[in-house]
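Visitor: Before anything else, here's the structure in question.
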Amino acid sequence: MAIPVIDFSKLNGEERANTLAQIATSCEEWGFFQLVNHGIPVELLEKVKRVSSESFKKEREDNFNKSTAINLLNEVEKNKSNNNKVENVDWEDVFLLTDDNEWPSNIPQFREIMKEYRSELKNLAKQVMEIMDENLGLPKGYINKSFNNGEEGSENAFFGTKVSHYPPCPNPEMVNGLRAHTDAGGVILLFQDDQVDGLQILKDGEWIDVQPIQNAIVINTGDQIEVLSNGKYKSVWHRVLAKENGNRRSIASFYNPSLKATIAPAPQLIHIDNDNNNDNNKVELISNYPAFKFGDYMNVYSEQKFSPKEPRFQAVRAM
Ligand SMILES: O=C(O)CCC(=O)C(=O)O
Ligand SMILES: [Fe+2]
Numbered sequence: 482m483a484i485p486v487i488d489f490s491k492l493n494g495e496e497r498a499n500t501l502a503q504i505a506t507s508c509e510e511w512g513f514f515q516l517v518n519h520g521i522p523v524e525l526l527e528k529v530k531r532v533s534s535e536s537f538k539k540e541r542e543d544n545f546n547k548s549t550a551i552n553l554l555n556e557v558e559k560n561k562s563n564n565n566k567v568e569n570v571d572w573e574d575v576f577l578l579t580d581d582n583e584w585p586s587n588i589p590q591f592r593e594i595m596k597e598y599r600s601e602l603k604n605l606a607k608q609v610m611e612i613m614d615e616n617l618g619l620p621k622g623y624i625n626k627s628f629n630n631g632e633e634g635s636e637n638a639f640f641g642t643k644v645s646h647y648p649p650c651p652n653p654e655m656v657n658g659l660r661a662h663t664d665a666g667g668v669i670l671l672f673q674d675d676q677v678d679g680l681q682i683l684k685d686g687e688w689i690d691v692q693p694i695q696n697a698i699v700i701n702t703g704d705q706i707e708v709l710s711n712g713k714y715k716s717v718w719h720r721v722l723a724k725e726n727g728n729r730r731s732i733a734s735f736y737n738p739s740l741k742a743t744i745a746p747a748p749q750l751i752h753i754d755n756d757n758n759n760d761n762n763k764v765e766l767i768s769n770y771p772a773f774k775f776g777d778y779m780n781v782y783s784e785q786k787f788s789p790k791e792p793r794f795q796a797v798r799a800m
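When the count follows our numbering, it moves up by one through the sequence shown with no breaks and lands on 800 for the last residue.
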């Protein structure tokens, strides 16, 4: 079993309908798919790999070697008898790039390359959201407009890029690269390592690998797309395994709602239950999710990221 791989260039030709259908099935049944021929220049992707890896080697590796994850793993190894896993920590070095924060790298060209990359990825995110609109039968731009708090053409939605490395781990069975979770936000676009695997998704009760494909972009949907689609597109559990060999690079970009945006199931996707409709026009609307402010959701998520999502929905429902 492997994550679906979709040739994005075929959206512009005779195979458009078939490609849309493949994306629809991927969203409904997998929550993850890989795009190839997505239009992002390979030369740019090569530069992104180079400056990210260089930043880890020159600017971050020393600190990682002094990190809590390393110390905790050393402790557990010393007490081999209790055979514990290291909990509440990830074997991951990470930093975040947004439009507003200070970027922690002085590698030559890092800034220009990552700026260009982010602009390409943001554009790809918008294309993917429009495909989801179409597949869900929503007006074009519906998802993006919701993420911008109902304002057409505005740019309040959040676009962040998380640059991660998962360095080689001497005891990979004792710690997670990244603990299992579903993503909080909207659409996630992941540029993962060509060589070193480790990302897995939970599919029908089984953890399966997201196979590395050179220069592909992995797309997955977060909790907000699940709510907007009224459960048609579920956010899917995933995790990263620590590995004994290889330093896995992974660059995840998140297109998320503005913190002020109200997120709710799209009215077009709230089903009318006709079975209960036989006495006097009684129509029942079925919405499986609450309406809430994304900022409130993020407050809950920051405490409960590595737990099931249902209590998060309950918590915002009660707010
Ligand atoms: O590093 C990866 O491959 C996955 C990262 C991820 O799941 C996340 O940042 O939410
Ligand atoms: Fe994730």
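Every residue gets a Cβ at the ideal spot worked out from N, C-alpha and C, and that includes glycine. Predicted, not measured: the structure shown is a model, and the values here were computed from it.
How many whole angstroms separate the CB atoms of Phe-513 and Asn-701, which I take to be in contact at a CB cut-off of 8 Å?
Guide: In the sequence shown, counting from the first residue as 1, residue 513 sits at position 32. In the sequence shown, counting from the first residue as 1, residue 701 sits at position 220. Confirmed, about 5 Å.
Visitor: Between the alpha carbons of Ile-487 and Ala-742, how many angstroms are there, rounded?
Guide: Here residue 487 refers to the residue found at position 6 of the sequence shown. Here residue 742 refers to the residue found at position 261 of the sequence shown. One C-alpha to the other measures close to 31 Å.
Visitor: Would you check whether ligand 2 has a heavy atom nearer than 7 Å to the C-beta of Asp-574?
Guide: Looking up residue 574 in the sequence shown gives position 93. It does not: the Cβ of Asp-574 is nowhere closer than 7 Å to a heavy atom of ligand 2.
Visitor: Label Pro-620 either buried or exposed according to how many other C-beta atoms from any shown protein chain fall within 10 Å of its C-beta, with 16 as the threshold for buried.
Guide: Taking the sequence shown and counting its residues from 1, the one referred to as residue 620 is at position 139. Exposed, by the Cβ-count rule.
Visitor: Are the Cβ atoms of Pro-653 and Glu-573 separated by less than 8 Å?
Guide: Residue mapping note: residue 653 aligns to position 172 of the sequence shown, counting from 1. Residue mapping note: residue 573 aligns to position 92 of the sequence shown, counting from 1. Contact flag unset, no.
Visitor: For the beta strand (DSSP E) that contains Thr-642, what are its first and last residues?
Guide: Here residue 642 refers to the residue found at position 161 of the sequence shown. Segment 639-647, the beta strand (DSSP E) holding Thr-642.
Visitor: Would Glu-791 be called buried (16 or more neighbouring beta carbons within 10 Å of its own) or exposed?
Guide: Start at 1 with the first residue of the sequence shown, and residue 791 comes out as number 310. Exposed.
Visitor: Strictly by DSSP, which residues pair up with Ser-731?
Guide: Taking the sequence shown and counting its residues from 1, one reaches residue 731 at position 250. DSSP lists Ser-645, Gln-673 as partners of Ser-731.
Visitor: Tell me the DSSP secondary structure of Gly-701 in three-state form.
Guide: One-based indexing of the sequence shown puts residue 701 at position 220. First, the residue type needs correcting, since residue 701 is Asn and not Gly in the sequence shown. Reduced to three states, the DSSP call for Asn-701 is strand.
Visitor: Going along the chain, which unbroken runs of the beta strand (DSSP E) with 3 or more residues stay wholly within the stretch 510-590?
Guide: Fully enclosed beta strand (DSSP E) runs of 3 or longer: 513-517, 574-578.
Visitor: Throw me the rounded Cβ distance for the Ile-594 and Lys-528 pair, which I believe falls under 8 Å.
Guide: Taking the first residue of the sequence shown as 1, we reach residue 594 at position 113. Taking the first residue of the sequence shown as 1, we reach residue 528 at position 47. Yes, they are in contact, since the Cβ atoms of Ile-594 and Lys-528 sit about 5 Å apart, within 8 Å.
Visitor: For Ala-747, which residues from the same chain have a beta carbon less than 6 Å from its beta carbon, with the 5 sequence-adjacent residues on both sides left out?
Guide: Position 266 of the sequence shown holds residue 747. Once the five neighbours on either side are set aside, the close Cβ partners of Ala-747 are Leu-619, Leu-709.
Visitor: Please determine whether the Cβ atom of Leu-659 lies at a distance below 7 Å from any heavy atom of ligand 1.
Guide: Working through the sequence shown from its first residue, we reach residue 659 at position 178. Yes, the beta carbon of Leu-659 sits closer than 7 Å to at least one heavy atom of ligand 1.
Visitor: Once DSSP output is grouped into helix, strand and coil, what is the label at Glu-636?
Guide: Taking the sequence shown and counting its residues from 1, one reaches residue 636 at position 155. Note: Glu-636 maps to coil in three-state DSSP.
Visitor: Gln-705 and Ile-744 - do their beta-carbons sit closer together than 8 Å?
Guide: Here the question's residue 744 lines up with position 263 in the sequence shown. Here the question's residue 705 lines up with position 224 in the sequence shown. Their beta carbons are under 8 Å apart, which means Ile-744 touches Gln-705 by this criterion.
Visitor: Would you say Asp-664 touches ligand 2, meaning its beta carbon is less than 7 Å from a heavy atom?
Guide: As a first step, residue 664 is located in the sequence shown; it is residue number 183 there, counting from the start. Under cutoff, so the answer is yes.
Visitor: Can you check which of these residues, Tyr-736, Phe-672, Arg-720, Ile-732, is closest to Asn-604 by C-alpha distance?
Guide: The count along the sequence shown starts at 1 and reaches residue 604 at position 123. Measuring from the Cα of Asn-604, the nearest candidate turns out to be Tyr-736.
Visitor: Please report the straight-line C-alpha distance between Tyr-623 and Thr-579, rounded to a whole angstrom.
Guide: Counted from its first residue, the sequence shown places residue 623 at position 142. Counted from its first residue, the sequence shown places residue 579 at position 98. Spanning the two alpha carbons is a distance of roughly 24 Å.
Visitor: Residues in its own chain within less than 7 Å of Asp-674 by CB, not counting five upstream and five downstream?
Guide: Your numbering for residue 674 matches position 193 in the sequence shown. Excluding residues within five positions, the ones whose Cβ falls inside 7 Å are Pro-693, Arg-729, Arg-730, Ser-731.
Visitor: Straight-line CA distance for Phe-639 to Leu-671?
Guide: By one-based count along the sequence shown, residue 639 stands at place 158. By one-based count along the sequence shown, residue 671 stands at place 190. The straight-line gap from Cα to Cα measures roughly 16 Å.
Visitor: Go through its chain and collect everything with a Cβ distance to Met-482's Cβ below 6 Å, but skip five positions before and after it.
Guide: Numbered from its first residue, the sequence shown carries residue 482 at position 1. Within the same chain, Met-482 has close Cβ partners Ile-689.
Visitor: Quick one: measure Cβ to Cβ for Val-570 and Val-609, integer angstroms, because I've assumed they're closer than 8 Å.
Guide: By 1-based counting over the sequence shown, the position of residue 570 is 89. By 1-based counting over the sequence shown, the position of residue 609 is 128. 32 Å between Cβ atoms; not a contact.
Visitor: Roughly how many whole angstroms lie between the Cα atoms of Glu-568 and Arg-497?
Guide: As a working note, residue 568 is residue 87 in the sequence shown. As a working note, residue 497 is residue 16 in the sequence shown. Taking the straight line from one Cα to the other gives about 46 Å.
Visitor: Looking at the secondary structure, which residues open and close the alpha helix (DSSP H) in which Glu-784 lies?
Guide: Taking the first residue of the sequence shown as 1, we reach residue 784 at position 303. Counting along the chain, the alpha helix (DSSP H) containing Glu-784 begins and ends at 775-785.
Visitor: Between Glu-540 and the rest of its own chain, which residues show a CB-CB distance below 8 Å, the 5 nearest in sequence each way excluded?
Guide: Position 59 of the sequence shown holds residue 540. The residues are Pro-585, Ser-586, Asn-587, Ile-588.
Visitor: Is it the case that the CB of His-646 approaches a heavy atom of ligand 3 more closely than 7 Å?
Guide: No copy of ligand 3 appears in this structure; the ligands present are ligand 1 and ligand 2.
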